[in-house]
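**Q**
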């Protein structure tokens, strides 16, 4: 079942198109990472979903229904620009949200706060940026929502808290929850997301599982031979995008299956092969460049 | 259903309510305390007042001799002080209602809660109404007790009716601030528009006592319909007050409708 489903979701501000024809589907029980550079439309997408801004065109359904106040009770939200009421302690803040959500039990909130090492008795205006972000996360999960929509959740968190939060997020979806989060930090998406969508200039340019994105990404294979081998030997092979020969070494940039390339290389006195696993950064840059070439 | 949002708004505005309330109560006490001295020196005051231009007297609601209790209250309490404070509370707090949360960027998280935007506006409006009611109640108590002690000789029913009328006339201006804030998300604009309208309405009503040409237009002024001066002399305009309450309701409904459509700034 799709927990989030958008059709041709478009948002324009005057002449600027912040989001263009987004068809996004987030399935029950998955962590979906929305990846993109600043200004790509990530925050716009999340704010449209939570209904604080309205689409220029297109539709949104959550749990198969249009957004309603009742539905918001099933959703936890962390805004990208988090501002909490001051003059309240963390616990007061959670009690306030709890009353509005008709969920006064602070059990889940206390558990997560403890795991993130957040003191709920401190006033929000006395908290550091990282601790405010922790409180933002705690309030998003406090009412045990069925879906969380998180805008840059790891922003400002120290590495330890990040790791703990990622572990919590995994447990949350394993327990039946669904998560959509945005990030411009690739390693975060790589660690946490089941599926990734890359948003560039308001359009979803690619959407896939992390594993499959990596499989289809441009990889570098370096062959070391006992003698010089001409670059032209490899340039005609399917999937090979670029070949570069220096002395006895041949570097091939390749996408997809590497079987034929390796078989060809094996016909020569091959001493060593090294494969460089691409991280999402390279995938991201690759798509950004490809996009740039189109313009 | 929960009253959490209304209570929180009220709590957040606590300092404002106490500040305005204390200012009003203290000023009223001071005015009432000097009344016996004013009455005893009535002759000199009359001479001084006679030398004032009519427009000035109209502006400060000097209708009768200051020596009479009613005249004194009209000029010193209801002419300027009470409307200023009650308008200040209603406009100041209504302008904050949605616009301040939007400008300080707490609105995104507030709206993520399972509460409709209409409900949010109504809860915030209720908090403003409660603030006006609290200050009006304190004002009325001090007015009734103080007038009796100072020997103004104005019946307590008339004092209560006048205090109520002063509060009711502030409501449509507060609701205007709520509406402008819901439409624009700007607190400054909400205050500016409402204060401007209040000032214009006040002048229209006050000056129409002097200028024949203005008289047909004074029906546009909420101050005309509130009938504070008439209430003090035992003739409150209940229909006019009811009209102001209805007008307030319409403006609040407009604010809720506007906020339902509002794009919250990020």
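Protein chains in written order, with the numbering used here: chain Y, 1 to 295; chain V, 1 to 266. Even for Gly, the Cβ is constructed at its ideal location relative to N, Cα and C.
1. Does any C-beta atom of chain Y lie closer than 8 Å to the C-beta of residue 269 of chain V?
2. How about the region 111-118 of chain V and the region 163-175 of chain V: do they share at least three Cβ pairs that are nearer than 8 Å?
3. With H, G and I counted as helix, E and B as strand and the rest as coil, what does DSSP make of residue 298 of chain Y?
4. Leaving aside the five residues before and after residue 238 of chain Y along the sequence, list all residues of the same chain whose C-beta is less than 7 Å from its C-beta, in chain order.
5. What does a CB cutoff of less than 8 Å around residue 241 of chain V pick up in its chain, not counting 5 residues either side in sequence?
6. Would you list the residues sitting across from residue 32 of chain Y in a DSSP beta bridge?
7. Count the other CB atoms, across all protein chains shown, that sit within 10 Å of the CB of residue 294 of chain Y; report buried if there are 16 or more and exposed otherwise.
8. Does residue 226 of chain V have its Cβ less than 8 Å from a Cβ in chain Y?
9. Determine the contact status of residue 150 of chain V and residue 66 of chain V, defining contact as a CB-CB distance below 8 Å.
10. Return the residue from the list V:110, V:243, V:248 and V:206 that minimises the CA-CA distance to residue 229 of chain V.
11. Can you grab the Cα-Cα spacing for the pair residue 221 of chain V / residue 91 of chain V, in whole Å?
12. In angstroms, rounded to a whole number, what distance separates the CA positions of residue 252 of chain Y and residue 244 of chain Y?
13. What residues in its chain sit with their C-beta under 8 Å from that of residue 55 of chain V, if we drop five residues either side in the sequence?
14. What does the alpha-carbon distance come out to for the pair residue 249 of chain V and residue 95 of chain V?
15. Could you check where the alpha helix (DSSP H) with residue 243 of chain Y kicks off and where it finishes?
16. May I have the straight-line CA-CA distance separating residue 260 of chain V from residue 118 of chain V, to the nearest angstrom?
17. Please name the residue in V:178, V:199, V:236 and V:17 whose C-alpha comes closest to that of residue 258 of chain V.
18. Would a C-beta distance cut-off of 8 Å place residue 158 of chain Y and residue 136 of chain Y closer than the cut-off?
19. Comparing the C-beta of residue 309 of chain Y with each C-beta of chain V, is any distance below 8 Å?
20. Take residue 185 of chain V and list the residues in its own chain whose beta-carbon comes closer than 6 Å to its own, dropping the five residues that flank it on each side.
21. What do you reckon, are the CB atoms on residue 79 of chain V and residue 20 of chain V nearer than 8 Å?
22. Please check if any C-beta of chain V sits within less than 8 Å of the C-beta of residue 296 of chain Y.
23. Starting from residue 43 of chain Y, find everything on chain V with Cβ-Cβ shorter than 9 Å and list it in chain order.
24. Can you list, in chain order, the residues of its chain with a C-beta nearer than 8 Å to that of residue 38 of chain V? Leave out the 5 residues immediately preceding and following it.
25. Going straight from the alpha carbon of residue 77 of chain Y to that of residue 263 of chain V, what length do you get?
26. Might you give, ordered along the chain, the residues of its own chain that have their beta carbon closer than 7 Å to the beta carbon of residue 131 of chain V, omitting 5 neighbours on each side?
27. So, helix, strand or coil for residue 149 of chain Y, using DSSP?
28. Whole angstroms is fine: what's the gap from residue 193 of chain Y's alpha carbon to residue 187 of chain Y's?
29. Does residue 249 of chain Y get closer than 8 Å to chain V when you measure Cβ to Cβ?
30. For residue 215 of chain Y and residue 95 of chain Y, what's the separation of their Cα atoms in angstroms?
31. Cα-Cα, which of V:75, V:152, V:246 and V:232 is closest to residue 59 of chain V?
32. So, are the CB atoms of residue 55 of chain Y and residue 48 of chain Y less than 8 Å apart?
33. Could you list which residues in chain V have their beta carbon closer than 7 Å to that of residue 81 of chain Y, in chain order?
34. Consider the Cβ of residue 77 of chain Y: report whether some Cβ of chain V lies at a distance smaller than 8 Å.
35. Taking the alpha-carbon of residue 25 of chain Y as reference, which of Y:15, Y:254 and Y:64 has the nearest alpha-carbon?
36. May I ask which residues mark the beginning and end of the beta strand (DSSP E) holding residue 13 of chain Y?
**A** Taking the coordinates as given:
1. The displayed coordinates of chain V run from 1 to 266. Any statement about residue 269 of chain V would go beyond what the structure contains.
2. no
3. Residue coverage of chain Y in this structure runs from 1 to 295, which leaves residue 298 of chain Y outside it and unanswerable.
4. For the purposes of this step, residue 238 of chain Y is identified with residue 238 of the first chain, where counting begins at 1. Excluding residues within five positions, the ones whose Cβ falls inside 7 Å are 260.
5. One-based indexing of the second chain puts residue 241 of chain V at position 241. Excluding positions up to five away in sequence, the list reads 164, 165, 168, 225, 226 and 227.
6. Taking the first chain and counting its residues from 1, the one referred to as residue 32 of chain Y is at position 32. Paired residue(s): Y:180 and Y:195.
7. Residue 294 of chain Y sits at position 294 when you count from the first residue of the first chain. In this prediction, residue 294 of chain Y scores a pLDDT of 47, lower than 50, which makes its location untrustworthy; no coordinate-derived value is stated.
8. Against the second chain, residue 226 of chain V aligns to sequence position 226. Chain Y, which has no Cβ nearer than 8 Å to the Cβ of residue 226 of chain V, makes this no.
9. Here residue 150 of chain V refers to the residue found at position 150 when the second chain is read from its first residue. Here residue 66 of chain V refers to the residue found at position 66 when the second chain is read from its first residue. Not closer than 8 Å, so no.
10. Taking the first residue of the second chain as 1, we reach residue 229 of chain V at position 229. Measuring from the Cα of residue 229 of chain V, the nearest candidate turns out to be V:206.
11. Here residue 221 of chain V refers to the residue found at position 221 when the second chain is read from its first residue. Here residue 91 of chain V refers to the residue found at position 91 when the second chain is read from its first residue. Rounded to the nearest angstrom, the two C-alpha atoms are 17 Å apart.
12. To locate residue 252 of chain Y, count along the first chain from 1; it is residue 252. To locate residue 244 of chain Y, count along the first chain from 1; it is residue 244. Rounded to the nearest angstrom, the two C-alpha atoms are 7 Å apart.
13. Sequence index remark: in the second chain, residue 55 of chain V carries index 55 (1-based). Taken in chain order, the residues that qualify are 207 and 210.
14. Numbered from 1 along the second chain, position 249 holds the residue referred to as residue 249 of chain V. Numbered from 1 along the second chain, position 95 holds the residue referred to as residue 95 of chain V. Roughly 16 Å separates the two Cα atoms.
15. For this step, residue 243 of chain Y is matched to residue 243 along the first chain. From DSSP, residue 243 of chain Y is part of no alpha helix (DSSP H) but of the beta strand (DSSP E) over 240-246.
16. Mapped onto the second chain, residue 260 of chain V falls at position 260. Mapped onto the second chain, residue 118 of chain V falls at position 118. Computed Cα separation, rounded: 7 Å.
17. In the second chain, counting from the first residue as 1, residue 258 of chain V sits at position 258. Considering only alpha carbons, the answer is V:178.
18. Stepping through the first chain from its first residue, residue 158 of chain Y is reached at position 158. Stepping through the first chain from its first residue, residue 136 of chain Y is reached at position 136. Taking 8 Å as the Cβ cut-off, residue 158 of chain Y and residue 136 of chain Y do not qualify as a contacting pair.
19. Any question about residue 309 of chain Y goes unanswered here, given that chain Y covers just 1 to 295.
20. As a working note, residue 185 of chain V is residue 185 in the second chain. Same-chain partners within the cutoff: 99, 102 and 265.
21. Counting from 1 along the second chain, the entry for residue 79 of chain V is found at position 79. Counting from 1 along the second chain, the entry for residue 20 of chain V is found at position 20. Not in contact: residue 79 of chain V and residue 20 of chain V (Cβ atoms no closer than 8 Å).
22. Given that chain Y is displayed from residue 1 to residue 295, the structure contains no residue 296 of chain Y and the question cannot be resolved.
23. As a working mapping, residue 43 of chain Y is identified with position 43 in the first chain. 266, listed in chain order.
24. Taking the first residue of the second chain as 1, we reach residue 38 of chain V at position 38. For residue 38 of chain V, where only same-chain residues beyond five positions count, the Cβ hits under 8 Å are 45, 66, 67 and 72.
25. Taking the first residue of the first chain as position 1, residue 77 of chain Y is located at position 77. Taking the first residue of the second chain as position 1, residue 263 of chain V is located at position 263. Approximately 17 Å between the Cα atoms of the pair.
26. Numbered from its first residue, the second chain carries residue 131 of chain V at position 131. If we look at residue 131 of chain V and ignore the five residues flanking it on each side, its Cβ neighbours are 10, 13, 17, 89 and 93.
27. The residue given as residue 149 of chain Y occupies position 149 in the first chain. Looking at residue 149 of chain Y - three-state DSSP - the assignment turns out to be strand.
28. Locating residue 193 of chain Y in the first chain gives position 193, counting from the first residue. Locating residue 187 of chain Y in the first chain gives position 187, counting from the first residue. So the alpha carbons of these two residues sit roughly 10 Å apart.
29. Residue numbering aside, residue 249 of chain Y sits at position 249 when the first chain is read from its first letter. With 8 Å as the cut-off, residue 249 of chain Y does not count as an interface residue toward chain V.
30. Position 215 of the first chain, counted from the first residue, corresponds to residue 215 of chain Y. Position 95 of the first chain, counted from the first residue, corresponds to residue 95 of chain Y. If I take the Cα positions, the gap works out to 47 Å.
31. Taking the second chain and counting its residues from 1, one reaches residue 59 of chain V at position 59. Checked all of V:75, V:152, V:246 and V:232; the closest Cα to residue 59 of chain V is V:75.
32. Mapped onto the first chain, residue 55 of chain Y falls at position 55. Mapped onto the first chain, residue 48 of chain Y falls at position 48. Yes, the Cβ-Cβ distance between residue 55 of chain Y and residue 48 of chain Y is below 8 Å.
33. The residue you call residue 81 of chain Y lines up with position 81 of the first chain. Within chain V, the residues near residue 81 of chain Y are 105 and 266.
34. As a working mapping, residue 77 of chain Y is identified with position 77 in the first chain. For residue 77 of chain Y, the answer is yes, since a Cβ of chain V falls inside 8 Å of its Cβ.
35. Taking the first chain and counting its residues from 1, one reaches residue 25 of chain Y at position 25. Of Y:15, Y:254 and Y:64, the residue nearest in Cα terms is Y:64.
36. Taking the first chain and counting its residues from 1, the one referred to as residue 13 of chain Y is at position 13. Looking at the DSSP string, the run of the beta strand (DSSP E) that includes residue 13 of chain Y is 2-13.
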